[in-house]
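Let me begin by presenting the structure, written as structure tokens, before commenting on it.
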Amino acid sequence: MNPEMREQQDYSRFIRAWRERISAREKYLSDCRKRAYRQAQKAVSTLQKEYGIKKAFLFGSLLDKNRFTDRSDIDLAVEGLEKATLFEAIGRLSQLGQFHIDILPWEDCKHSLKKEILLNGKLIYENSR
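Take 18 as the starting number for the sequence shown in our numbering and just add one per residue.
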């Protein structure tokens, strides 16, 4: 076998190995996003049952597979959560899974952030009453 052919074969092994690593990483991150989304749904269910929230919006890196990492947090904008129970609710949600959950009271959000959340976020709960 001539040296040029041997060199091409050597590179093909490296290329194949890198493709496998990239594929495994993509699958891992996809699985992480699914777990984070399930945790977000559990969090909203808890907030609805225990704190009587009216609406919940998911926003941030969880909604963007190109920005999400295994260290991302879960960002929720929540309407109807009493200020007096905010820290209690944050503590309660910290017990639900591996991802940190940030709660932003909707009532405290600046207009520009509300606009961004309405445009790029996702309404995942609304009390129909």
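By construction, the Cβ of each residue, glycine as well, lies at the ideal position given by its N, Cα and C atoms.
Residue range of the beta strand (DSSP E) that residue i falls in?
{"i": "I91", "result": "I91 to E96"}
{"i": "L80", "result": "From DSSP, L80 is part of no beta strand (DSSP E); its letter is neither H nor E."}
What does DSSP give as the partner residues of residue i in its beta bridges?
{"i": "E143", "result": "K72"}
{"i": "D119", "result": "D92"}
Residue i lies in the alpha helix (DSSP H); which residues open and close that run?
{"i": "L135", "result": "H128 to N137"}
{"i": "G108", "result": "L103 to L110"}
CB residue i to CB residue j, shorter than 8 Å?
{"i": "G97", "j": "K71", "result": "yes"}
{"i": "L79", "j": "A57", "result": "yes"}
Does the Cβ of residue i have 16 or more other Cβ atoms within 10 Å, making it buried, or fewer, making it exposed?
{"i": "Y28", "result": "exposed"}
{"i": "I14", "result": "With the chain represented from 18 up to 146, any question about residue 14 goes unanswered, as that position is not in the structure."}
{"i": "I118", "result": "buried"}
Using 8 Å for Cβ pairs, my map puts residue i next to residue j. What's the rounded Cβ distance?
{"i": "A94", "j": "W123", "result": "5 Å"}
{"i": "F116", "j": "I91", "result": "5 Å"}
{"i": "I120", "j": "L103", "result": "7 Å"}
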